[in-house]
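Protein chains in written order, with the working numbering: chain A, 1 to 402; chain B, 1 to 455.
In this text, a Cβ means the ideal position worked out from N, Cα and C, and glycines have one as well.
Everything numeric in this text was worked out from a predicted model, so none of it was measured.
As structure tokens, the structure follows; a few thoughts come after it.
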Amino acid sequence: MEDCLAKKMEITVSEAEKRTGRNAMNIQETYTAYLIETRAVESQSEGQCAPVDSLWRRYSEFELLRNYLLVTYPHIVVPPLPEKRADFVWHKLSADNMDPDFVERRRIGLENFLLRVASHPVLCQDKIFYSFLTQEGGWKEMVNETGFQLKADSRLKALNATFRVKNPDKRFTELKHYSDELQSVISHLLRVRARVADRLYGVYKVHGNYGRVFSEWSAIEKEMGDGLQSAGHHMDVYAASIDDILEEEEHYADQLKEYLFYAEALRAVCRKHELMQYDLEMAAQDLTSKKQQCEELATGTVRTFSLKGMTSKLFGQESPEQREAKIKVLEEQIQEGEEQLKSKNLEGRDFVKSAWADIERFKEQKNHDLKEALISYAVMQISMCKKGIQVWTNAKECFSKM
Amino acid sequence: MEAEGRAPGPPLPTPSLGGGGGAGTRADPPAGANGAVREPLLAAAGALALDDDEDDLEVFSKDTSLAEVNSFSPSVPMSPSSMTNQYKFEDERELRDLFITVDDPESHITAIETFITYRVVTKTSRGEFDSSEYEVRRRYQDFLWLKSKLEEAHPTLIIPPLPEKFIMKGMVERFSDEFIETRRKALHKFLNRIADHPTLTFNEDFKIFLTAQAWELSSHKKQGPGLLSRMGQTVRAVASSVRGVVKNRPEMFSEMNDYMEIFSQKINILDKIAHRIYKEEREYFNEMKEYGPIHTLWSASEEDIADSLKGVASCIDKCCKATEKRMAGLSENLLPILHEYVLYSEILMGVLKRRDQIQGELDAKVDALVSKRTEKDLFSEDIGKLEDKVECANNALKADWDRWKQNMQWDMRSAFTNVAENNLRYYEECLATWESFLASQTVDLHVEEDSEDRP
């Protein structure tokens with residue numbers, strides 16, 4: 001395994017702070033800033049801690065970084081950012097970006113993002129990424145100076161390519177279908193999970209009502225009083241226990257969400273391939289038609305219909321000198337075209353090779369992570385059941401003493 | 001010995017306190033505020049066969065003349081020492097000699113109306129019944145008739161509640177299967193509660209209800225005080241209740257009244273809470289039904305993690321079924337009991353009012369005597385009768401009240417313990433499911449790790 005940045009450097013997003021400032025349009029806004037702390041990992045130095053460097057970044061800077069990576073490394077499945085706005089909420093969670101729980105989960109998500117990038121064999125070596133972690137001022141300008149925005153493919157172009165490409169690599173077509181299915185099934189799952197959480201919350205909380213009524217009732221009962229009172233207390237405990245349980249489950253949901261967003265990153269790689277392939281096909285088509293034109297001019301036969309051919313028929317043939325000139329131009333173009341085609345072919349093959357290597361790496365990571373997530377979900381359920389058993393065992397004892 | 005002398009008239013085959021699980025732990029019966037002992041006792045009416053050492057069980061009164069008019073309480077020879085064992089309903093059933101079931105609802109359609117009849121089967125070893133087994137069909141109206149007859153005959157006894165005529169809330173249709181089944185269970189409970197009641201069980205109308213053929217019952221119904229006189233009674237009752245609190249109401253009954261007011265409040269709230277819990281559990285169940293299959297769907301597009309996903313799907317489905325069982329337990333046990341006691345609280349308030357009414361009659365006569373002076377002898381005879389009536393009513397109510405409280409305690413304990421047990425079972429099932437899934441996953445992990453280690 002190559003030595004990636006994650007092994008040399010400890011990276012944490014340790015704090016989140018509310019800030020107010022003026023934005024580009026001089027309008028006051030509130031935003032959250034996140035503290036990134038880094039520390040070099042000294043090998044074999046006990047008790048000797050390297051100093052911690054830190055700087056503050058806001059979400060939009062993370063976005064800028066990611067967009068830069070997307071454009072600069074189109075063959076890489078770039079790790080996703082945590083969601084911009086709270087989605088898949090169940091009723092208790094606020095959809096407000098300023099909500100402390102949301103901010104906390106986002107902090108964890110951003111840290112996760114940085115760690116993913118830092119442990120990626122290719123991405124971790126990027127200078128812009130390194131500066132993001134270490135250089136407080138002037139980073140934005142540095143990124144913009146790379147001119148990556150210009151290299152970005154237009155959405156329209158990409159869409160066009162998707163529909164018109166004739167011979168994409170089959171594996172990418174399959175991958176695209178997979179990523180569509182993954183996105184669809186995970187969002188469905190998250191939606192239903194949120195509804196289940198909502199209902200579960202309801203069940204637990206209603207039990208809390210028992211506590212108060214039992215207590216009031218116990219006041220008029222002589223023998224049942226104690227049993228009722230203590231049972232009521234356990235019902236309160238039961239009702240309160242759901243808050244922690246569901247908070248833990250949010251972390252599980254976040255793990256799934258990461259892969260929901262990863263699906264988009266997969267699709268981006270597929271789109272890039274389609275674009276390149278389409279480009280290649282267009283170039284080849286162009287070259288073929290130019291060669292044909294050349295041949296026609298040289299031999300004087302018009303095999304295919306062309307407007308030029310028609311007009312020349314109507315308005316008279318060109319002079320031999322004119323024809324010679326045209327042929328020369330075409331021959332130059334054909335030569336250029338052939339070279340371009342060759343390099344595009346090479347580019348395409350390289351892209352496919354390196355993209356597919358990263359996709360394999362991603363697949364392993366995904367399988368490992370998702371399996372762990374499912375296991376952690378089981379662990380959470382087990383813990384919830386155990387708590388339930390404890391509470392109801394206590395309650396049963398109290399009831400039996402009524 | 002208490003001055004009030006709790007009437008031993010109605011023997012008390014009351015179920016016990018304490019120990020739901022058959023462990024038979026005895027709860028010490030503390031003396032209550034008014035000194036009434038809460039020991040479950042089968043105090044015999046003419047239980048003259050008392051040993052000397054039983055005098056301190058302040059329950060026996062040797063005066064049996066205060067027994068209820070319509071009932072004959074048989075002596076059930078039981079020694080107090082055997083009574084210290086806690087009886088549960090099941091044990092009590094062994095002492096029963098009257099077994100009633102209500103089942104087989106059937107629809108009847110006539111030109112005028114459609115109605116349901118229920119089959120009422122009675123098995124008995126009692127001498128006063130001509131046969132040992134009876135099977136009749138009764139409709140809801142007949143139950144209403146029985147209840148009103150019992151109330152008439154025993155105005156200060158606690159007559160068990162009947163299921164309501166029509167449930168407005170919730171979209172349960174009048175003749176839906178769910179409604180009919182709920183009603184059938186409640187009717188079954190109603191008759192059995194009467195059968196267990198030491199006084200009501202020997203009521204003549206009750207016997208006729210259980211044994212008479214349809215035409216016999218109709219003709220019997222037509223006898224007796226007509227509708228108008230019954231209405232007259234109701235009117236008087238309403239009129240007298242408007243007068244407010246009876247001024248000479250013994251403290252005991254004021255306490256009962258205060259208790260009932262609060263109890264009624266609390267039981268109504270509990271009923272609402274329990275219904276709400278059921279509703280939330282059902283909504284949860286509905287969402288869970290969709291949750292599991294998504295994982296199965298997902299597994300179709302995966303290879304490596306397909307098994308884990310299918311495992312999770314299966315766990316969720318099992319938990320879903322367990323939730324369904326939990327819900328069913330709630331609707332079979334707690335909800336009907338709470339509802340019954342909601343009705344009971346209304347009945348008890350009514351009984352207390354009726355007692356007040358009877359006392360009111362006495363007070364009115366006494367007041368009249370004080371003001372009139374003449375016809376003193378006649379009045380004092382009337383007053384004597386009324387005084388007896390009041391004392392009778394008070395004693396009957398007191399005894400029945402104690403019995404009711406014991407039953408209530410037992411019912412509540414068993415209902416809530418049952419809820420706890422249902423929840424325990426639910427969580428234990430879910431726990432087992434997830435633990436076995438987890439075990440299967442970690443086995444896989446170990447296998448993977450082993451194979452990676454090999455060079």
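Could you check which residue in the options has the C-alpha nearest to that of residue i?
i, options, result
"A:A373", "A:T20, A:Q255, A:K363", "A:Q255"
"A:D243", "A:I128, A:L189, A:M384", "A:M384"
"A:I375", "B:N203, B:R282, B:L369, B:K310", "B:K310"
"A:Y34", "A:W56, A:G138, A:H273", "A:W56"
"B:M288", "B:I273, B:A300, B:K318", "B:K318"
"A:R155", "A:L114, A:G227, A:V71", "A:V71"
"B:Q359", "B:C392, B:A212, B:F202, B:S219", "B:C392"
"B:K123", "B:L330, B:V136, B:T117, B:L438", "B:V136"
"B:H401", "B:R355, B:K279, B:L187", "Inspection of the sequence shows that residue 401 of chain B is occupied by Trp rather than by His. Looking at the Cα atoms, B:R355 is the closest of the given residues."
"A:D126", "A:D286, A:T299, A:M142", "A:M142"
"B:A439", "A:I382, A:A395, A:S119, A:K401", "A:I382"
"B:R193", "B:Q223, B:L162, B:T211, B:I208", "B:L162"
"A:V329", "A:K353, A:E295, A:K344, A:F113", "A:E295"
"A:S400", "B:I262, B:V351, B:A420, B:E113", "B:A420"
Please compile the residues from chain A whose C-beta is within a distance smaller than 7 Å of the C-beta of residue i.
i, result
"B:T417", "K396, F399, S400"
"B:W404", "The premise fails here: B:W404 is roughly 13 Å from chain A at the closest Cβ pair, so nothing lies under 7 Å."
"B:Y259", "I220"
Based on the DSSP secondary-structure assignment, which residues constitute the bridge partners of residue i?
i, result
"A:R57", "A:Y34"
"A:R323", "DSSP output for A:R323 lists no bridge partner at all."
"B:L98", "B:T124"
"B:H108", "B:F115"
"A:R39", "A:E10"
"A:E29", "A:G21"
"B:D103", "B:R119"
At 8 Å on the CB atoms, spell out the chain A contacts of residue i, in chain order.
i, result
"B:L438", "I375, A378, V379, I382"
"B:V312", "L374, Y377, A378"
"B:F263", "W217, I220"
The alpha helix (DSSP H) that contains residue i, what's its start and end?
i, result
"A:M235", "225–299"
"B:A322", "306–329"
"B:A186", "177–196"
"A:R199", "170–218"
"A:T162", "155–164"
"B:F202", "Here B:F202 belongs to no alpha helix (DSSP H), and DSSP marks it neither H nor E."
"A:T134", "127–134"
"B:K221", "214–222"
"A:K151", "148–151"
"A:E141", "139–145"
Please list, in chain order, the chain B residues whose beta carbon lies closer than 8 Å to that of residue i.
i, result
"A:Y178", "S301"
"A:M224", "Q409, M412, R413"
"A:H233", "Within chain B, no residue comes near A:H233; the closest Cβ sits about 14 Å away, beyond 8 Å."
"A:V185", "I294, L297, W298, S301"
"A:V403", "Not covered by the structure: residue 403 of chain A. The range shown for chain A is 1 to 402."
"A:N144", "Ordered by position in chain B, no residue passes the 8 Å Cβ test against A:N144, which lies about 40 Å from the chain."
For residue i, report the span of its beta strand (DSSP E) as first-last.
i, result
"A:S119", "Looking at the DSSP string, A:S119 is not in any beta strand (DSSP E), and its letter there is neither H nor E."
"A:S14", "9–22"
At 7 Å on the CB atoms, spell out the chain B contacts of residue i, in chain order.
i, result
"A:R267", "Residues of chain B passing the Cβ test: none, with the nearest at roughly 15 Å."
"A:K353", "Chain B residues near A:K353: none, gap ~23 Å exceeds 7 Å."
"A:V213", "K266, I269, L270, I273"
"A:E181", "S301"
Below 8 Å on C-beta distance, what does residue i contact in chain C?
i, result
"A:G202", "The structure shown contains no chain C; the protein chains it does contain are A and B."
For a test of your reading of the model: does the CB of residue i fall under 7 Å from any non-hydrogen atom of the ligand NAP? Yes or no.
i, result
"B:D177", "Within the structure as shown, the ligand NAP is missing, as the structure has no ligands at all."
By the criterion of Cβ-Cβ separation under 9 Å, what are the contact partners of residue i in chain B?
i, result
"A:T393", "A420, L424"
"A:I245", "None at all; the shortest Cβ gap to chain B is about 13 Å."
"A:L370", "E302, D304, I305, S308, L309"
Length-filtered (3 minimum) beta strand (DSSP E) runs lying within the segment 116–141 of chain B:
133–139
I'd like the ranges of any alpha helix (DSSP H) spanning at least 4 consecutive residues and lying wholly in the segment 252–282 of chain B.
none
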